[in-house]
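Visitor: Mind having a look at this structure? Questions to follow.
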Amino acid sequence: MPTTSAVILAAGKGTRMGSDLAKVLHQMAGKPLVVHVLDACRAAGIADCICVVGWQREAVAAVVEPLGARCAVQDRQLGTGHAVLCAESSVAGDEVVVLCGDAPLVDATLLRRLVEHHRRTGVACTAVAARLPDPTGYGRMLTSADGRLAAIVEHKDATPAQRAIDLVNSGLYCFRRADLFARLREVKPANAQGEYYLTDVVAMLARSSGVELLVSDDAGSVLGVNTPADLATAAAVYARRSA
């Protein structure tokens, strides 16, 4: 049976939150956002969790390490691909689930479904998507005529036609470890942000060995928190779920 590690991206500052507090430390329902993500991993049976920290790294580490997570440091904010690469030496699992520390509504059911689907299909990567009525700000999933994932384009790099696509990237993936880190070394920062995108790895694998696309029917599960309004929306969804 393959072993699984989770890499949780938690290094960002979150300037749009209007606060100096690291974004993943903002609270929802009495817990920091990143703790909700860790709770989901544990409930899904993923015990080996690595948080990639950067902004206010000591404060983030002080929250996650007592909960059993280990930390890997991203000294410079060079994108999601760079962040995952910073965790390489800490990852012990045969497969790697990558999550966003600012997406507190991800749940254990979806994580278990992701890992099971990934193992059953035997692909190098499985990516989770969802359909949103307003996909603004999210990466778009570009699919081929047969419905398979061809590429992911970030909102800032998308054409008007691509921005009309409502199938969005959740930022949640399961990779074979060897394929993930081999491809990360090939990524170039050829985008509007000058960053190393993890989505470029997904596109590489889609061209070479194929990538499975798992579409969640729970749009809330992919909601990321970038602004106070996003946090209020996530909190409202969480409250409805809890009720």
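In terms of the numbering used here, the sequence shown opens at residue 1140 and continues consecutively.
Using N, Cα and C, we set each Cβ at its ideal position, and we do this for glycine too.
From a predicted model like this one, the values you see are computed outputs, not experimental measurements.
1. Pull up the distance between the alpha-carbon of Gly1286 and that of Leu1306, whole angstroms please.
2. Can you check whether the CB of Gly1193 is closer than 8 Å to the CB of Ala1150?
3. Can you round the beta-carbon distance between Val1173 and Gly1218 to whole angstroms, since I take them to be within the 8 Å contact cut?
4. So Glu1351 packs on His1221, CB below 8 Å; how close in whole Å?
5. Closer than 8 Å is the cut-off here; do at least three beta carbon pairs connect the segment 1199-1217 with the segment 1267-1284?
6. With DSSP run on the structure shown, which of helix, strand or coil describes Val1230?
7. Measure the beta-carbon distance from Val1267 to Ser1309 and round it to whole angstroms, keeping in mind my assumption that it falls under 8 Å.
8. Would you call the segment 1173-1190 and the segment 1231-1249 touching, i.e. three or more CB-CB distances under 8 Å?
9. In whole angstroms, what separates the C-alpha of Thr1366 from that of Gly1169?
10. Do you know whose CA, among Asp1159, Arg1380, Ser1360, Leu1353, lies nearest Thr1260's CA?
11. Name the residue from Val1176, Arg1155, Gly1333 whose alpha carbon lies nearest to the alpha carbon of Ile1147.
12. Could you give the first and the last residue of the continuous alpha helix (DSSP H) run that contains Tyr1377?
13. Out of Ala1263, Leu1344, Arg1346, which one is the CA nearest neighbour of Arg1316?
14. Mind reading off the beta-carbon distance from Val1237 to Val1223? Whole number of angstroms is fine, and I expect it under 8 Å.
15. Closest to Lys1327 by C-alpha separation, out of Leu1319, Leu1337, Asp1318, would be which residue?
16. Going along the chain, which residues of its own chain have a beta-carbon closer than 7 Å to the beta-carbon of Ala1373, five neighbours each way excluded?
17. Beta-carbon within less than 7 Å of Asp1339's beta-carbon, same chain only, minus the 5 sequence neighbours each way: which residues are those?
18. Any idea if Met1140 is buried or exposed, counting beta-carbon neighbours within 10 angstroms, 16 or more meaning buried?
19. Quick one: which unbroken beta strand (DSSP E) runs of 3-plus residues sit fully inside the segment 1241-1290? Chain order, please.
20. Is the separation between the beta-carbon of Val1199 and that of Gln1213 shorter than 8 Å?
21. When the distance is taken between beta carbons, is Val1376 closer than 8 Å to Gly1359?
22. Please give me, in chain order, every unbroken run of the alpha helix (DSSP H) with length at least 4 that falls completely inside the segment 1313-1367.
23. From the DSSP output, which residues share a beta bridge with Asp1187?
Guide: Let me spell this out:
1. 11 Å
2. yes
3. With a Cβ gap of about 19 Å, Val1173 and Gly1218 do not count as contacting.
4. Going by Cβ atoms, the distance from Glu1351 to His1221 rounds to 25 Å, so no, they are not a contact pair.
5. no
6. coil
7. 4 Å
8. yes
9. 18 Å
10. Leu1353
11. Val1176
12. 1367-1381
13. Ala1263
14. 6 Å
15. Leu1337
16. Met1167, Pro1243, Leu1244, Leu1362, Val1364
17. Gly1220, Val1326
18. exposed
19. 1264-1270, 1279-1282
20. no
21. yes
22. 1316-1323, 1337-1347
23. Ser1144
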